[in-house]
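Participant: Quick one: this structure, given as structure tokens, is what I'll be asking you about.
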Amino acid sequence: MDFLVAHFSQAVFLFLAFFSLGGAVGVVVLRQPVHAALSLLASFLGVAGLFVLARGEFLAAVQVLVYAGGVMVLFLFVIMFVNVRAVGKEAQYLRPLVPLAVVGGLLFSALALTAMWALGRRPPADAFPLVSVAGQEVGNTEAVGWILYREYLLPFEVVSVLLLVAMVGAIVLGRKPKEMEKA
Amino acid sequence: MIPLSWYLVVSVLMLACGLVGLLVRRNFITVLMSVELILNAANLNFVAFARQLGDLTGQVFPVFVITIAAAEAAIGLGIIVQLSRLKTTVALDAVNEMRG
Amino acid sequence: MNAQVSVLLPELLLAGMGIFILLVGVLGRGSQRLAFFLANFGVLASMVAVVGVGERGTETFFAGMLQLDRFALFFRLLFLASALLVVWLSRPFLQRAQQTAWEYYALILFATLGMCFLASGVHLAGLYVSLELMALSSYILAGYFRGEVKSHEAATKYFVLGALSSGILIYGLSLMYGATGSLSLAEVSQKLAAGPRSVAATAGMFLLLAGMLFKVAAVPFHVWTPDVYEGAPTPMTAFFSVGPKAAAFAMLVRVLWVGLAPAAADWRLLVSWVAAATMVWGNVAALTQDNVKRMLAYSSIAHAGYTLLGVLAGGPLGTQSVLFYMLVYAVTNLGAFGLVVLLAAKEYAGEKVADFRGLAHRQPVAAFAMLLFLLSLGGIPPTAGFMGKLYLFAAAVHAGYAWLAVVGVIMSAVSLYYYFRIVKEMYLASAGEGEGVAVLSEAWGVRALVVCALATLLFGVYPTSALAFLAPAAKIVPW
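Chains as they are written, first to last, in my numbering: chain X, 1 to 183; chain L, 184 to 283; chain Y, 284 to 762.
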């Protein structure tokens, strides 16, 4: 147990890495688009965890909100809308994954129990150290915001136009063919 | 501590998955998903280097990458919807009438 | 901050007009003519603003994101002028296709906005974001006109390969960031010069280069171009071949010579091979094309190859030749594609070489214009194309790449074969065979062609003032 606690961050990293890469491989390998989409979702969540491990907490939140929450929902909507089941039927494909899921769940529980046990023994001293920005100690989000709105103001504004373009594009492309206007 | 190289290995493997998926899969939606994998791999790089260098730029830029990826996904899915109205399948092979 | 914002006036005008056009379109009150007028007004106002804001030397704005030197001034004027001509050329197409024009014009404006930021960007973050703005607008424009399967196929291919190249570019960026700790071109250059290069830096550099060569459509990253150019609606093909391509070159020149200059010995080798392959394959593949748009697509690949010679050469002469060629190529290509747009009958006419049959007898002026553009593409005096190629090849020889200049000259000669196939159809085939189509004389389209034709002649006969204007633009670094 002590070994696990001493190398806890590495253990968590390995778990998250396998989770992300497993999801990535799943996207390439799984036949049904819905399964691939869920696999991608798993990958995104794994990557978000890796971001947290690398002290990028704000980015992890953005990853979950935008990627997992926004993009994946969009993917699933379109997959359902287009009804891509016509591509191929492989209903029994997920069966072999069940033992893998069980093992994954056990690993996760082991890590979570270790964390709780270690926390019970010794409270965290400095779990998320503050970053120093412009002479002040601030949290990750504030630090990112500080840099984003000062050094990266111009790309920020350009991206806002880009998002407008994406909205217009989605509408233009998704329009029904009959909606045309004459001069 | 987690060595930098671990992050880089994960990101390279994810990049490989994305590239393979993009080149091999015939379903447009899965191709789109592979592109997202590539972008995720790059983001992982950025964050890992940010931690290594102690520079927050590597945490700010991925915000842009994620935003642009979301916009790209929206447009890609719009194209898929368009395609699905014309044809009954979104297999990429069917979209290859023009001679190479 | 206020002084900095005023520097953005041209771009603000473009963005503002784009948004305004969208709003007016949504309100449903305006006519297509109003949309056309607004688009024109926006572009022209922006051009005036570019000249008004002027040059600010090597001063950087917005935390090192923008540099408003003559390089940026020239390219922004070029992009705006191209956008204007494309808007004019789109008119007949929009009327025939009976498609709503509001989003179309807005997207062109937004794409041009991205290109303008690409021209003045000196920070990889700003460059990437602007590149994506331009690219995303282009994907939508490629798939804008419904009803033609080829158009959707073009949009799909453009999108997939564009997304792939963006992914590679971003991955390369991430490695460069890791190796140098910065995304600013100036700092990257400093870090690269200061010591041995790590594996990450080299890998990042080559991935970044690969991503950019994709956008420029150099061999072997050109696969998307023929299909996209053939399938997209012709005014859009004209736009893609001129606007985003020139913008990609602007980015390429800046990144290579401002950012990656210390590693020049390495990437120059790769780029020289790419240039040779591009010139050869672009021309050879065009020889067997029957579809004019596809032929012109391969031709534009070849022209990217010639331009790479200037990029490779670098220095004041090389960079000046690149800028001049972008100008020359823009007017010529817009003219050639513009004529294809105006070849009427059905939506996608003007595609086969046979459609040009006997044009000289039916409409001699149009045929003459096409002849002019084809001569310029082939590099025959006294057209602008000849002058442009002359300067490119001279710069290449001057920088020690004489072998590439020889390849260029030979391939230019080869290109004459397929350009003259069209000339032959126009002038030598007898008019009675009746397969050819007539050229529409839509007012604005004709005006666009006239502008292009005059420019093609002007820069061929009198390039001096343009070259003099471009000489300071070539000083993006103190050579």
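A virtual CB, placed ideally from N, CA and C, is assigned to each residue, including glycine.
Spatial neighbours of Phe362 of chain Y within its chain, please: CB distance less than 8 angstroms, with the 5 preceding and 5 following residues excluded, ordered by chain position.
Facilitator: Result list for Phe362 of chain Y: Thr395, Met398, Cys399, Ala402, Gly526, Ala529 and Ala530, in chain order.
Participant: Apart from the five residues on each side of it in sequence, which residues of its chain come closer than 8 angstroms, Cβ to Cβ, to Gly174 of chain X?
Facilitator: Around Gly174 of chain X: no qualifying Cβ.
Participant: Check each residue of the segment 508 to 541 of chain Y: if its Cβ is closer than 9 angstroms to any Cβ of chain L, include it; give the result in chain order.
Facilitator: Answer set for the segment 508 to 541 of chain Y: Pro509, Asp510, Glu513 and Gly514.
Participant: On the DSSP bridge assignment, give the partners of Gly404 of chain Y in chain order.
Facilitator: DSSP, once it has assigned bridges, lists Y:Leu349 as partnering Gly404 of chain Y.
Participant: Between which two residues does the alpha helix (DSSP H) containing Glu708 of chain Y stretch?
Facilitator: First-last of the alpha helix (DSSP H) with Glu708 of chain Y: Ala685 to Tyr710.
Participant: Compile a chain-ordered list of the residues in the segment 207 to 221 of chain L whose CB is closer than 8 angstroms to at least one CB of chain X.
Facilitator: Of all residues in the segment 207 to 221 of chain L, Val207, Arg208, Asn210, Ile212, Thr213, Leu215, Met216, Ser217, Glu219 and Leu220 have a Cβ within less than 8 angstroms of some Cβ in chain X.
Participant: Please state if the CB of Ala37 of chain X and the CB of Thr261 of chain L are separated by a distance shorter than 9 angstroms.
Facilitator: One detail in the question is off: residue 261 of chain L reads as Gly in this sequence, not Thr. No, they are not a contact pair.
Participant: Return no unless some Cβ of chain L is closer than 9 angstroms to the Cβ of Arg429 of chain Y.
Facilitator: Chain L contact via Cβ: present.
Participant: Going by DSSP, what residue range makes up the beta strand (DSSP E) through Val138 of chain X?
Facilitator: From DSSP, the beta strand (DSSP E) with Val138 of chain X extends over Gln136 to Val138.
Participant: Consult DSSP for Thr571 of chain Y and reduce its assignment to one of helix, strand or coil.
Facilitator: It is coil, neither helix nor strand.
Participant: Does the distance from the C-beta atom of Val158 of chain X to that of Glu386 of chain Y stay below 9 angstroms?
Facilitator: Result no, Cβ atoms of Val158 of chain X and Glu386 of chain Y do not sit closer than 9 angstroms.
Participant: Cβ of Ala199 of chain L less than 9 angstroms from any chain Y Cβ?
Facilitator: Chain Y contact via Cβ: absent.
Participant: Using DSSP with H/G/I as helix, E/B as strand and the rest coil, what is Phe504 of chain Y?
Facilitator: Of the three classes helix, strand and coil, the one that applies to Phe504 of chain Y here is coil, per DSSP.
Participant: Counting contacts by CB-CB distance shorter than 9 angstroms, is Ala685 of chain Y in contact with chain L?
Facilitator: No, because no Cβ of chain L sits closer than 9 angstroms to the Cβ of Ala685 of chain Y.
Participant: Is it right to say Met80 of chain X is buried, meaning 16 or more other beta carbons lie within 10 angstroms of its own, or is it exposed?
Facilitator: Exposed is the call here.
Participant: Quick one: what does DSSP say Gly88 of chain X is sitting in, helix, strand or coil?
Facilitator: Below a pLDDT of 50, predicted positions are generally treated as unreliable, and Gly88 of chain X, at 47, falls in that range; the measurement from the model is reported next regardless. Three-state result, Gly88 of chain X: coil.
Participant: Tell me the DSSP secondary structure of Phe362 of chain Y in three-state form.
Facilitator: Here Phe362 of chain Y sits in helix by DSSP.
Participant: Go to Thr666 of chain Y, then tell me how far its alpha helix (DSSP H) extends in each direction, as first and last residue.
Facilitator: Taken as a continuous stretch (DSSP letters only), Thr666 of chain Y belongs to no alpha helix (DSSP H), as it is neither H nor E.
Participant: Can you list, in chain order, the residues of its chain with a C-beta nearer than 8 angstroms to that of Val203 of chain L? Leave out the 5 residues immediately preceding and following it.
Facilitator: Around Val203 of chain L: Ser217.
Participant: Counting beta carbon pairs with one atom in the segment 365 to 372 of chain Y and one in the segment 319 to 328 of chain Y, are three or more of them shorter than 8 angstroms?
Facilitator: Taking 8 angstroms as the limit for Cβ pairs, the verdict is that the segment 365 to 372 of chain Y does touch the segment 319 to 328 of chain Y.
Participant: Please tell me whether Gly445 of chain Y has its Cβ less than 9 angstroms away from any Cβ of chain X.
Facilitator: It does not: the Cβ of Gly445 of chain Y has no partner Cβ on chain X nearer than 9 angstroms.
Participant: Any idea what DSSP makes of Ser583 of chain Y, helix, strand or coil?
Facilitator: Helix at Ser583 of chain Y.
Participant: Residues bridged to Ser524 of chain Y by DSSP?
Facilitator: Note: Ser524 of chain Y sits in no beta bridge, so no partner.
Participant: By the three-class DSSP mapping on this structure, what secondary structure does Val193 of chain L have?
Facilitator: Correct three-state label for Val193 of chain L: helix.
Participant: Starting from the C-beta of Leu107 of chain X, find all residues in its chain whose C-beta is less than 7 angstroms away, skip the five residues before and the five after it, and write them out in chain order.
Facilitator: Counting only Cβ-Cβ distances below 7 angstroms, and skipping sequence neighbours, we find Phe15.
Participant: Where do the N-terminal and C-terminal ends of the alpha helix (DSSP H) with Trp727 of chain Y fall, by residue?
Facilitator: From DSSP, the alpha helix (DSSP H) with Trp727 of chain Y extends over Ala726 to Val744.
Participant: Helix, strand or coil for Val131 of chain X, going by three-state DSSP, please let me know.
Facilitator: Strand, per DSSP.
Participant: Distance check for Gly49 of chain X and Val248 of chain Y, CA to CA, integer angstroms please.
Facilitator: Absent from the model: residue 248 of chain Y. The displayed extent of chain Y is 284 to 762, so no value can be given.
Participant: In chain Y, which residues lie less than 7 angstroms from Glu151 of chain X when you measure between Cβ atoms?
Facilitator: Those within 7 angstroms of Glu151 of chain X in chain Y are Ala346.
Participant: Nearest to Val729 of chain Y by CA position, among Y:Arg379, Y:Ala754, Y:Phe489 and Y:Gly621, is which residue?
Facilitator: Per the Cα distances, Y:Gly621.
Participant: According to the neighbour-count rule (16 or more other Cβ atoms, all chains shown, within 10 Å of its Cβ), is Asp573 of chain Y buried or exposed?
Facilitator: Counting Cβ neighbours within 10 Å, Asp573 of chain Y comes out exposed, since fewer than 16 surround it.
Participant: Kindly give me the distance between the Cβ atoms of Ser698 of chain Y and Ala569 of chain Y, rounded to whole angstroms, as I take these residues to be in contact under 8 angstroms.
Facilitator: Correct: roughly 7 angstroms between the Cβ atoms.
Participant: Grab me the residues of Ala652 of chain Y's own chain with a C-beta within less than 6 angstroms of its C-beta, minus the 5 sequence neighbours each way, in chain order.
Facilitator: Hits under 6 angstroms: Leu732 and Ala736.
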